[in-house]
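J.:
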Amino acid sequence: MSDVITSDAKVEAGEFTRFCPVADVPAGGKKAAKINGTWVLVCNTKDRLFAVSNICSHQVKPLLPGRMRNCAITCPVHGAKFSLETGEALNLPATKPIDTYEVRVVDDWIEVKI
Amino acid sequence: MSEQILEQEQDQSSQALDRGEARCPDEPTTQEIIARDKVTAPGWVCSESYQFLGDEDISTERYYDPEFAKKEYDNMWSRTWQFACREEHIPEPGDYYVYDLGRYSFIITRVAENDIRAYYNACLHRGTKLRASGTEGCTSEFKCPFHGWTWNLDGSLQQAVCDWDFPHVKAEEFSLPEARVETLAGFVFINMDKDAPTLEDYMGPEFMAHIKAWGLENRYINCHVSKKIPANWKLTMEAFMEAYHVIETHPQVAVSNGDANSQYDTYGEHVNRFISPLGVLSPHLKGQHTEQDILDQFTVGDSSFLEGADRKLGEGETARQRMADMMRSMFEQAANADLSHVSDSELLDCFSYTLFPNTFLFPGISLPMVYRFRPDPKDHRMTIYEVFFLRPVPKDGERPEPAEMVELDEFQSFTEAEGMDPGFGAILDQDTENLILQQQGIEASAKPGLTLGNYQEIRVRHFEMAIDKYVSGQ
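As you go down the protein sequences, you meet chains A and B in turn. The numbering of the first sequence is this note's numbering, which starts it at 683 and goes up by one. The numbering of the second sequence is this note's numbering, which starts it at 10 and goes up by one.
1) Please go through the same chain and pick out, in chain order, the residues whose beta-carbon is closer than 8 Å to the beta-carbon of B:R135, but skip the five residues on each side of it.
2) Restricting to Cα atoms, I'd like to know which of B:K138, B:F369, B:D319 and B:S56 is closest to B:Y380.
3) Hey, how far is the Cα of B:V469 from the Cα of B:E326?
4) Applying a beta-carbon distance threshold of less than 9 Å, which residues of chain B neighbour A:P708?
5) Which of helix, strand or coil does DSSP assign to A:W721?
6) Which of the three DSSP states is assigned to B:L461 in this structure?
7) Distance check for B:E425 and B:V264, CA to CA, integer angstroms please.
8) Contact between the region 125-142 of chain B and the region 80-87 of chain B is defined here as three or more beta-carbon pairs at a separation below 8 Å; is this criterion met?
9) Got a sec? Which residues, its chain only, sit under 6 Å from B:P239 by beta carbon, not counting five neighbours each side?
10) Determine the DSSP secondary structure at B:D27, reduced to helix, strand or coil.
11) For B:D486, tell me which candidate among B:M339, B:Q261 and B:F283 has the shortest Cα-Cα distance.
12) Classify A:V785 as buried or exposed, calling it buried when 16 or more other Cβ atoms lie within 10 Å of its own Cβ.
13) Could you tell me whether the Cβ of B:E41 comes closer than 8 Å to any Cβ of chain A?
14) If you drop the 5 nearest sequence neighbours on each side, which residues of the same chain put their C-beta closer than 7 Å to that of B:P431?
15) Report the neighbours of A:L731 on chain B: residues whose CB is nearer than 7 Å to its CB, in chain order.
16) Below 8 Å between beta carbons: does that hold for B:G462 and B:Y276?
17) Count the C-beta pairs between the region 44-52 of chain B and the region 343-355 of chain B that are closer than 8 Å, then say yes if the count reaches three, no if not.
18) For B:I374, is the beta carbon positioned less than 7 Å from some heavy atom of the ligand ADP?
19) Does any CB atom of chain B fall closer than 8 Å to the CB of A:G711?
20) Closest to A:N752 by C-alpha separation, out of A:I792, A:K763, A:Y783 and A:P775, would be which residue?
21) Cβ of A:N718 less than 8 Å from any chain B Cβ?
22) If the cut is a Cβ gap below 7 Å, which residues of chain B does A:V759 touch?
23) Contact criterion: CB-CB distance below 8 Å. Does A:L745 meet it with respect to chain B?
24) If you check the beta carbons only, do B:P403 and B:N345 fall under 8 Å apart?
25) Residues in its own chain within less than 7 Å of B:E419 by CB, not counting five upstream and five downstream?
26) For the region 325-343 of chain B against the region 282-296 of chain B, are there 3 or more C-beta pairs whose distance is under 8 Å?
27) Measure the beta-carbon distance from B:I476 to B:T69 and round it to whole angstroms, keeping in mind my assumption that it falls under 8 Å.
28) How many Å lie between B:D35 and B:T299 at the Cα?
29) Answer with yes or no whether the minimum CB distance from A:P775 to chain B is below 8 Å.
30) Output yes if chain A places a C-beta closer than 8 Å to the C-beta of B:T148; else output no.
31) Measuring only the C-alpha atoms, how far is A:I687 from A:L723?
32) Pull up the CB-CB distance for A:P708 and A:N726, whole angstroms please, since I reckon it's below 8 Å.
33) Can you give me the C-alpha to C-alpha distance between B:R119 and B:I230, rounded to a whole angstrom?
34) I need the straight-line Cα distance from B:C359 to B:I374, nearest angstrom please.
35) Which same chain residues end up closer than 7 Å to B:Y273 when comparing Cβ atoms and leaving out the 5 residues on each side of it in sequence?
36) May I have the straight-line CA-CA distance separating B:K233 from B:L62, to the nearest angstrom?
Here is the structure:
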């Protein structure tokens, strides 16, 4: 359920926008959606929400099906790992970071700032 | 006159001991200390298995000669069972963990619930590693990042991109080559040698009986630290094989450690151990400290467990018994478990087992470590040393995720590692300082061999005998 991809949301650049109801991303879950043409991945792990780019910086594959552990996500295709906190590439084959975004919860909605 | 004769006879009788039979004089043995405990120790604790194995020097070129290191790769690492990862690293099908040993690299993956494989980590097209070293994750296939050749989880070839150009590639001949895999107590072991004995035969019946009693499959990695040590991997391992060095190297521990009267055992070719009793005074310090001093200076693997405990001994109380009682209560609380049946010795003492070639298990409660030692692939005079702390899985909770490895550089202190008790880190720093000087000294020495004590350093000899056997191709 938490891995379902949602449809595009329309938003002004630089503002928080509603991403999905908070209940859609339970502890240990993740969800990807496109906001203004940008693929965003929201993860719920270690009692926190994180929002990062859903696109691996190595070979532009979606990170959504990757394994989340210890505040990092691993791309299932070639194994690149990224910090959910900083976006830093933690191991080869990636050497470049992924974008991270501010995330908050307002009225039981997850909001992300692109 | 008659008393003098008696003394002479006693002197002669002690001189007449066979080699290896001498023990720390006028001190209780480890078994005698354990026998006085309130909660009786199990059979695996209350047994001895020492054997004199010779007293010749150990040649030192093994610690610096690149040819020797090459022989180890060719004849030893390729034929022995090695701890590659814990099952908790790969709990679900598709989970994988990359284990490297020198130039060798393996993808350890769970193909199905009870099917773990170890694939040589290299594309069969032009050799690229399918997964980077030191990584782990979850996948449904192994795709090469270079040209995209892809293998299924079970190792069968899924796709050779542009297969029209590879009529000579037969899928049935292009499955990923595998090393052997066996699991034991939550550990995943691999062996590159198809003809090697089973893991059970390799470890031997005594050790198999011991490890089955420990329940290490019900532990999880609470802390994992890695650091490079500028010394050969064998030399680094040997620093942890005896308590003989405690009085000089770790004086802060000696007050509460029976170092010179620790017990040493060997089992077959691949396993040895010591039991180092804690909560008792070092024989070196006899008469210099009270029982209260021993209690006051007791340090354990994680001293935070004992914060706020009553440390004032009553009349006639021993430090050892008080420590056992305190630990029982502290660990029962911390692990939410009933430890009333666990012996004082298991709670207190340091049990150190070597599994040849490169793993140490410490099955005790207060010191629950696993050590792994690997040669640095680029420098055989450098060791990659790892410390894992294995804590019991909480009784009522879920199994926690295994801790991420904290990687220290060569010049960082173990005390800087998150999750490691600073007192324990300081001990490892003292060992590291010795190792730097020992590697350098061995290379500078006019003496081409190490001289070993017959009893306290039997584990070093036993270990090097196995090295010699494999390296010589036997």
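Glycine residues also receive a C-beta, built at the ideal position from the N, C-alpha and C atoms.
T.: On the basis of the supplied data:
1) F155 and H156
2) B:F369
3) Distance between the alpha carbons of B:V469 and B:E326: 37 Å.
4) Chain order gives no chain B residues near A:P708, where near means a beta carbon separation below 9 Å; the closest approach is about 15 Å.
5) In this structure, A:W721 counts as strand in the three-state DSSP scheme.
6) coil
7) Straight-line Cα distance between these residues: approximately 25 Å.
8) For the pair of segments examined, the region 125-142 of chain B was found not to touch the region 80-87 of chain B: the number of CB pairs separated by less than 8 Å stays below three.
9) Excluding residues within five positions, the ones whose Cβ falls inside 6 Å are M391 and I445.
10) coil
11) Because chain B in this structure spans residues 10 to 483, residue 486 of chain B falls outside the shown range and cannot be described.
12) buried
13) no
14) Cβ neighbours of B:P431 beyond the five flanking positions: T424.
15) Those do not exist, as A:L731 stays about 18 Å from chain B at its closest Cβ, beyond 7 Å.
16) no
17) yes
18) Inclusion of the ligand ADP in the displayed structure is not the case, the ligand content being empty and no account of it being possible.
19) no
20) A:K763
21) no
22) Chain B residues near A:V759: K152.
23) no
24) Between B:P403 and B:N345, the gap from beta carbon to beta carbon is short of 8 Å.
25) K237 and P239
26) Yes, they touch.
27) About 13 Å separates the two Cβ atoms, so there is no contact after all.
28) The straight-line gap from Cα to Cα measures roughly 18 Å.
29) yes
30) yes
31) Because the pLDDT at A:I687 is just 46, under 50, the model does not fix this residue reliably, and the point stays unresolved.
32) 6 Å
33) The straight-line gap separating the alpha-carbon atoms of B:R119 and B:I230 is approximately 19 Å.
34) 9 Å
35) Y59, F283, Y464, Q465, I467 and R468
36) The sequence shown places His at residue 233 of chain B, not Lys. Whole-angstrom Cα-Cα distance: 35 Å.
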